[in-house]
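Counting the sequence shown from 1 gives a position; the numbering used here is that position plus 1069.
Glycine included, every Cβ here is placed at the ideal spot set by N, Cα and C.
In this text, all values refer to a predicted model and were calculated from it rather than measured experimentally.
Written below as structure tokens is the structure these notes are about.
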Amino acid sequence: MILGTNDLWDENDPWARFVTNALKAKEFYRRDVQYIVRNGKALIINELTGRVEPKRRWSDGIHQAVEAKEGLKIQADSVIVAQITYQSLFKLYPKLSGMTGTAKTEEKEFLKMFKMPVIEVPTNLPNIRVDLPIQAFATLRGKWQYVREEVESMFQLGRPVLVGTTSVESSEYLSDLLKSRNIPHNVLNARPKYAAREAEIIAQAGRKHAITISTNMAGRGTDIILGGNPKMLAKEIVEDNVLPFLSHDTPDVETEGESTSHKGLSKIKLGPSSLALLAKAAIMAKYVHKSESNEWSFQKAKSAVMESIEMSNTIGLEKLQERVAEVTEMYPLCDAIALAYATVLKDCEIHCFDEGAEVKTLGGLHVIGTSLHESRRIDNQLRGRAGRQGDPGSTRFMVSLQDEMFRKFNLDTEWAVRLISRITDGEDIAIESNAVVKQLLGLQINAEKYYFGIRKNLVEFDEVLEVQRKHIYSLRQVILSGDSESCSEQIFQYMQAVVDEIILGNVDPQKPPKTWDLAKLLDELASLGGNLLTETFKETQEEDLQSSLEQILRYGSVEVDNFVLPNMPVPPNSFRGIRKRTSSAMRWFAMCVDDTSKKGRYTNIVNLLRKYFGDFLIATYLEVLQESRHHDAYIRGIEVCFSYEYVYVVLSGDKAPLRPMCSLWRSRSYSFLGTLLVMLQSA
């Protein structure tokens, strides 16, 4: 009664769908986990990479329900015109191959889905990374406290630490814990203030005392170099010294991101030449800013610095020095910035090399995983951040029995809690028991099998649609790339298909013609061509058609080449030319071998009826084209548009090839031929 309806499942007022989506949005779609709110929009977070995907929207009304939940402006529902699974898309290629470091755990799926074996290539240098045993905790609070303690101990040693979390919410919770202990760190998640500086944060995650919290490290695309990335460091130093003089605008946090924290990191020692060139570049930037009347925006200033850095990477140091030394009327700002970057880069390379050697002696990068993912592959991607190219490193995963994955797959947490209570008195103490770890890893494998089963069923279902998809897209290709004759042939097939649907819906080949609903058949066929066919058949009665069919029954044989029903209107003489006559003969042959229609004693009479009215409709259309005196290219364009609309209808609605058009136009109170004629006259 609150919703103003007595039936939630009423087709005309489907409240059930809205209520179901509202419940899903409230319980299953969590802010800062599945999505974030930015600029009045709900943006989806990719569960694998942790990145925001602004162009994606959930379908079936889920996104609208989430927008209503957050009090945002509800946007229109997305319409899927065509779709294909990744598996079916990959199978379209004659050859498949790929390279990844984490495919071994999915070896069986690759072999079963794509018939692709997984070959393990040994590493270039020996892997000396230490993968420490998984630690299990009874509660979330105990796990997070232990993570904080381990991060703090590594920070005191000077080892860089990378902490991987599964959601924005978890990363910010851990960030608050570290802030309470005054531990400097950087956060990388889907929020714009962090995501905009993604490359800078990851590039410096290997420096001494660096602490980085990241949401889902898969696909970050930036390698972690022990000691830091000298190119990124040099770029930051140049920007910090030049941008304040070149532009007085405040950078937008939404687009430029929050500045990277360098607290706790060693300061880079720059030589006298680097300091002098930085000062010279800053003076030139200040002069350019004052001399130009238009205020430089922060984005324009940053672009100028980036162009200078790119120029420095392509032009040698000696060439840059020559260009700066040349006396010109204009101050060589870009050249000065490029030269300053080149000299600062040398100092940064020395600093990073020395610091990298020091980090290696301390044990390298330490990676902490705060939860097991539903796929071992994602966990291995996080582990692989440490110990790259023969560097030392270590990894540790910490899980809690209250983690989302264990709740989702109904782990017997009571059994695990009882086991932990027997081992230790404190629920916040880490357990490395083989029995507990084996149970947790077994659950992870079961989760992989569950999702593999879903993907397998999806592929099996999609194989059924693949036949139809190939037919439709081959038809689309014929329309777009074929000549005028092939496109016209498609139009003839559509017309014949519509005539067939009307006739087969009103006659029964297993019963004699006198039992057929011929009056309805004539009315529906006459409506196809608008006034053209209505005028032609206005004097034709049901009895005339009945008499004509009875005469055919008495014939021993019929010549189908120029077949006309006795005592019925004669089609216009438009089938001139060998191609059009061949088209008519091919359609007759298709009727004779049609296995989809109902068979009976009077099948031949039904086929002759189909041929007569199909030829009549097509001949009338050809006659109208001849009388219209339109140019062939113009007619070709109209026919392509009409045919392409048919393909669109099949892709977005009815999947039956060649026959949805009749129902479409009749349901809209249009005539088939009339619609095409309107397009010819008004396009």
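Query	Result
Excluding the 5 residues flanking Ser1617 on each side, which residues of the same chain have their C-beta closer than 7 angstroms to its C-beta?	Leu1634, Pro1635, Asn1636 and Met1637
Going by beta carbon distance, what residues of the same chain come within less than 6 angstroms of Gly1227, once the five residues before and after it are set aside?	Lys1277, His1278 and Leu1431
In three-state terms, what does DSSP make of Val1088?	helix
Assign Ile1203 to one of three DSSP states: helix, strand, or coil.	coil
So is Ser1469 buried or exposed if we call it buried at 16+ other beta carbons inside 10 Å?	buried
Count the C-beta pairs between the segment 1446-1454 and the segment 1240-1251 that are closer than 8 angstroms, then say yes if the count reaches three, no if not.	no
Taking the continuous alpha helix (DSSP H) assigned at Phe1314, which residues delimit it?	Pro1299 to Leu1315
Using a threshold of 8 angstroms, state whether the C-beta atoms of Ile1280 and Val1216 are closer than that.	no
What runs of the alpha helix (DSSP H), each 4 residues or longer, lie entirely inside the segment 1146-1188?	1155-1160 and 1176-1183
Considering only residues of the segment 1430-1478, which uninterrupted beta strand (DSSP E) runs meet the minimum length of 3 residues and lie entirely inside it, listed in chain order?	1434-1438 and 1462-1469
To which residues of the same chain is Glu1427 closer than 7 angstroms at the C-beta, ignoring the five residues directly before and after it?	Lys1277
Nearest to Lys1304 by alpha carbon, out of Lys1338, Ile1294, Glu1269 and Phe1314?	Glu1269
Between the alpha carbons of Met1223 and Phe1367, how many angstroms are there, rounded?	38 angstroms
Looking only at DSSP bridge pairs, what is Gly1340 linked to?	According to DSSP, Gly1340 bridges with nothing at all.
Whether or not the segment 1190-1199 and the segment 1401-1419 are in contact is what I'm after, with contact meaning three or more pairs of Cβ atoms, one per stretch, closer than 8 angstroms; do they touch?	no
Give me the DSSP bridge partner(s) of Ala1111.	Val1106
Following the continuous beta strand (DSSP E) through Asn1255, name the residue where it begins and the one where it ends.	Asn1255 to Leu1257
Please specify which runs of the alpha helix (DSSP H), each continuous and at least 4 residues long, are wholly inside the segment 1359-1391, giving them in chain order.	1367-1383
Cβ atoms of Phe1466 and Leu1441: under 8 angstroms apart, would you say?	yes
Whose CA, out of Thr1603, Ile1572 and Lys1607, lies closest to the CA of Met1660?	Ile1572
Under 7 angstroms from any heavy atom of the ligand PLP, does the C-beta of Pro1341 make it?	With respect to small molecules bound, the structure shown includes none, and the ligand PLP cannot be examined in it.
On the DSSP bridge assignment, give the partners of Ser1283 in chain order.	Gly1233 and Leu1257
Can you tell me which of His1435, Gly1433, Gly1275 and Asn1382 puts its alpha carbon nearest to the alpha carbon of Leu1414?	Asn1382
In angstroms with no decimal places, state the Cα-to-Cα distance between Pro1641 and Pro1123.	57 angstroms
Taking all protein chains shown into account, do 16 or more other C-beta atoms lie within 10 angstroms of the C-beta of Ser1377, making it buried, or fewer, making it exposed?	buried
Who are the Cβ neighbours of Tyr1104 in its own chain at under 7 angstroms, not counting the five residues just before and after it?	Tyr1098, Ala1111, Leu1112, Ile1113, Ile1114 and Val1135
Should Arg1623 be labelled buried (16 or more other beta-carbon atoms within 10 Å of its own) or exposed?	exposed
Along the alpha helix (DSSP H) that carries Asn1503, what are the first and last residues, could you check?	Asn1503 to Ser1550
Roughly how many angstroms lie between the CA atoms of Gln1458 and His1254, to the nearest whole one?	25 angstroms
Classify Val1428 as helix, strand or coil using the three-state DSSP reduction.	helix
Thinking Gln1565 and Arg1705 are a contact (beta carbons under 8 angstroms), I'd like their distance in whole angstroms, please.	With 8 angstroms as the limit, Gln1565 and Arg1705 do not qualify as a contact, their Cβ atoms being about 20 angstroms apart.
Is the beta carbon of Pro1582 less than 8 angstroms from the beta carbon of Gly1669?	no
With DSSP as the reference, identify every bridge partner of Glu1136, one or two as the case may be.	The partner list for Glu1136 (beta bridge, DSSP) is empty, contrary to what the question assumes.
Could you spell out the range, first to last residue, of the alpha helix (DSSP H) harbouring Asn1676?	Thr1672 to Ser1697
Please list, in chain order, all residues of the same chain as Thr1174 whose beta carbon is under 6 angstroms from its beta carbon, the five residues on each side excluded.	Arg1445 and Arg1446
Rounded to the nearest angstrom, what separates Gly1296 and Asp1416 at their Cα positions?	13 angstroms
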